[in-house]
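2 protein chains.
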Amino acid sequence: MLAVTLKQIAEACNVSTATVSKALNYASDIGADTAKSIRQTAKNMGYFPNAAARSLKTNHSRNIGILFSLNKAIGLTHEYFAQILESFQLKVEKAGYDLTFISRNIGKTVMSYLEHSIYRNCDGIFILSKDCSDPSVLELVSSKIPLVTIDYVFEGCGAVISDNANNMSKLVRFVYNRGHRKIAFISGEDTAVTRIRLASFHKTCTHLGLNIPDNYIIKGQYHSPEISAEATRRLYELPDRPTCIMYPDDYSYIGGMNELEDLGLSIPEDISVTGFDGISLSKGLRPNLTTLRQDSELIGIKAAQLLVSAIESPSTYIPEHIVIPGNLWEGGTVKRL
Amino acid sequence: MLAVTLKQIAEACNVSTATVSKALNYASDIGADTAKSIRQTAKNMGYFPNAAARSLKTNHSRNIGILFSLNKAIGLTHEYFAQILESFQLKVEKAGYDLTFISRNIGKTVMSYLEHSIYRNCDGIFILSKDCSDPSVLELVSSKIPLVTIDYVFEGCGAVISDNANNMSKLVRFVYNRGHRKIAFISGEDTAVTRIRLASFHKTCTHLGLNIPDNYIIKGQYHSPEISAEATRRLYELPDRPTCIMYPDDYSYIGGMNELEDLGLSIPEDISVTGFDGISLSKGLRPNLTTLRQDSELIGIKAAQLLVSAIESPSTYIPEHIVIPGNLWEGGTVKRL
DNA sequence: TGCATTTACGAAAACGATTAAGTAGCGTGT
DNA sequence: ACACGCTACTTAATCGTTTTCGTAAATGCA
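So the protein sequences, as listed, match chains G and X.
Each residue of the first sequence is one higher than the last, beginning at 2 in our numbering.
Each residue of the second sequence is one higher than the last, beginning at 2 in our numbering.
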């Protein structure tokens, strides 16, 4: 329960706390054998440094703040982000960092993200936010705290981004190559990522010589089966129905899938569909959902590496924008026409 | 960037740091007007206390450790736990606490959960672990650090548990009341919760006078559509097929749903099914999945209240075991026979 | 041997807060 | 006028580290 302190070790070894500190930190001006025996007794006594004391003195906390915009559509419950966070956590843990959620308030006092980060003395911040135009996020970004963002680019800051433009293009081309010309697209709610995907969809279609009518493009929502179901019905009621519907993500597709079934359409015989993300769900479906697998694990890992290097070697650090390609998962929901 | 300290405020106000500290902490022995003006300048200067210094001195950190067993089946990517964590976070944040993940290692050094908690000076721990028999968890539990567990009971510790026994019973009775007598059950992997649900299933069946053959009970896995699909096929191949299949959770049911469809069975006409959890997915399905909605939001809130009171009022605190009932969601996947 | 240099350690200050103890100043009761 | 008790503040110690600087002993070199 009660923590062992440097002082206790010092007494046990008959040396000063300075010596103990040096021994444990492998400092240069200490005798090899003294150091060894101190380290041994420290281990025996179950010593761990007091994080607060160390943080106070050294001005770093070995703690990384996570800025997670928690809302329904994009938050912990979204498998893509949860997976990124998981692999990020595993990686920074190995580098010796803990993870703390950074919110806008602590108790009754409201603070900005920056203030919270300073309060907790975070060595770096990992931003997984939907709305990076939030002034409080901007304030953080323009501070000197090392940070890495996901799927959003701030100039001068490290970022890891899923290659949304190319991914979407890949998916559209796949559908096109299977012979589809009437492709509908249900987008997610309006975010930077959504805009990139939508632009890529249009660009790719134009490039392929496809003329997509306006009513084939429906604004939906990520992670919402209900809204995808509704959008699906609207597409069904169109006089000139699409032959393929592209859903905003795998999860929300489930709503569309059920709606189509209700309407008596079978997949992919009567209508083709695609998802996005490649979460575990998509492989549990029959036929396997055709989707674009984003490499969330790699994204988390790269973000961790980037942030750790930004923290630990600021001199050599270059705020890269790492683009992570996705993989097309062919599945079986796009029929060859 | 650089934080404002007490000292700076003290200089600005021409008082000692002690006075500033007292003013900000609403201590008694300080003049009302001095206090007021100090608080005002502190605000103007953008002061926030240094968490490390405060923690060092007061021996508490206003930080709660989360012990999250991160593995595939049960972790951040599981909506039930992610939701509990989300609502927990929102609640403790209001009480003035931050959340830090507690892992078994930090850098190259391996430490126990207890050691990590001491290292970070956590005021309390929130345990969301699948395997509470882990010796390192046990060590933590037997320490004096306030903690609350989810879906697992340690005597003398606060716990919030979803009422698995009654929930399962409710679900079985609902199926029974719809006329089903041949009920199959696909369980999750072996955990405390699984054992409770399985026992409740058996007990309820016995109570209802049902004799469930052994081959109706299949050991599956939570959150795994694939394994549920396979289990579904095994049940289908039985000479005497069940009329209803109960899946370990909503998510894994998706695998079964597709398998059944592949087998040419339609739900609920040819076969009835139930899920468990009541995640958003289940309401996106057509027909709506019959499931047992666990109140993950309330569980998170109650856990937060319990833990905060354990931390802040240890004298009046009673380590309750709060049982949160679930709600049957009738849905449309159980046919009336 | 004598002097300079290195090695190995200790003393003490510092990080930013909290808090017990001490002390002015002031009013009050007798 | 004097002791007493408040009130409102300051001083200084403290939490557990890290780190600079000082210094004694050991060593190197001529």
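For every residue, glycine included, the Cβ atom is placed at its ideal position computed from N, Cα and C.
For isoleucine 197 of chain X, the enclosing alpha helix (DSSP H) covers residues 193 to 208. Identification of chain X residues near glycine 108 of chain G by a Cβ-Cβ cut-off of 9 Å yields Arg63, Glu94, Lys95, Ala96, Gly97 and Tyr98, ordered along the chain. For leucine 148 of chain G, there is no enclosing alpha helix (DSSP H); the enclosing beta strand (DSSP E) covers residues 148 to 151.
In this structure, the beta-carbon distance from tyrosine 248 of chain G to glycine 276 of chain G falls below 8 Å. Per the C-alpha coordinates, the member of G:Lys92, G:Asp215, G:Gly97 and G:Asn64 positioned closest to isoleucine 103 of chain G is G:Asn64.
Listed by position along chain X, the residues whose Cβ is nearer than 9 Å to that of serine 281 of chain G are Lys73, Thr78, His224, Ser225, Pro226, Glu227 and Tyr252.
Under the DSSP definition of a beta bridge, phenylalanine 186 of chain G partners with G:Ile218 and G:Met247.
The contact set of aspartate 263 of chain X on chain G, defined by CB atoms closer than 7 Å, consists of Arg287 in chain order.
In the three-state reduction of the DSSP assignment, arginine 234 of chain X falls in the helix class. Taking a cut-off of 8 Å for Cβ pairs, the segment 295 to 302 of chain X and the segment 80 to 87 of chain X touch, as three or more such pairs fall below it. Taking each of G:Ile187, G:Leu308, G:Ile319 and G:Ile325 in turn and checking the Cα distance to phenylalanine 127 of chain G, the smallest one comes out for G:Leu308. The criterion of a C-beta distance shorter than 8 Å is not satisfied by alanine 305 of chain X and isoleucine 151 of chain X. Lysine 220 of chain G and proline 269 of chain X have their C-alpha atoms roughly 32 Å apart. By the neighbour-count criterion, in which a residue is buried when 16 or more other Cβ atoms sit within 10 angstroms of its Cβ, glycine 47 of chain G is exposed. Only those residues of the segment 41 to 54 of chain X whose C-beta falls short of 8 Å from the nearest C-beta of chain G are listed: Gly47, Phe49, Pro50, Asn51, Ala52, Ala53 and Ala54. For phenylalanine 69 of chain X, the enclosing beta strand (DSSP E) starts and ends at 64 to 69. Under the Cβ criterion of 8 Å, asparagine 26 of chain X is not counted among the residues facing chain G. The segment 224 to 239 of chain X and the segment 252 to 260 of chain X touch, with no fewer than 3 CB-CB distances between them shorter than 8 Å.
Cβ atoms of asparagine 289 of chain G and glycine 333 of chain G come within 8 Å of each other, at about 5 Å.
For valine 309 of chain G, the uninterrupted alpha helix (DSSP H) segment begins and ends at 297 to 313. Fewer than three Cβ pairs drawn from the segment 170 to 189 of chain X and the segment 133 to 152 of chain X lie within less than 8 Å of each other, which leaves the two stretches out of contact. Annotation: the continuous alpha helix (DSSP H) that includes arginine 55 of chain G extends over 52 to 59. The Cβ atoms of serine 38 of chain G and cysteine 14 of chain G lie closer than 8 Å to each other. For the 8 Å CB-CB criterion, phenylalanine 175 of chain X and tyrosine 217 of chain X do not form a contact. Rounded to the nearest angstrom, the gap between the Cα atoms of alanine 19 of chain G and isoleucine 107 of chain G is 36 Å. Its Cα nearest to that of arginine 242 of chain G, the residue G:Pro214 stands out among G:His61, G:Ser70, G:Ser316 and G:Pro214.
Within the DSSP secondary-structure output, serine 273 of chain X pairs in a beta bridge with X:Cys245. Note that the C-beta distance between threonine 35 of chain G and isoleucine 67 of chain G is not below 8 Å. Against chain X, a Cβ distance below 8 Å from serine 273 of chain G picks out nothing, because the smallest value is about 17 Å. For isoleucine 162 of chain G, the enclosing beta strand (DSSP E) has its first and last residue at 159 to 163. From the listed residues X:Glu12, X:Ser281 and X:Asp164, the smallest Cα separation to alanine 193 of chain X is found for X:Asp164. Under DSSP, the beta-bridge partners assigned to isoleucine 107 of chain X are X:Thr110.
The shortest CA-to-CA distance from serine 188 of chain G to any of G:Tyr223, G:Gly157 and G:Ala166 is the one to G:Tyr223. What glutamine 84 of chain X touches in chain G, judged by beta-carbon distance under 8 Å, is Leu77 and Thr78, going in chain order.
Around the beta carbon of histidine 117 of chain G, 16 or more other beta carbons lie within 10 angstroms, which makes this residue buried. Under DSSP, aspartate 278 of chain X forms a beta bridge with X:Arg294.
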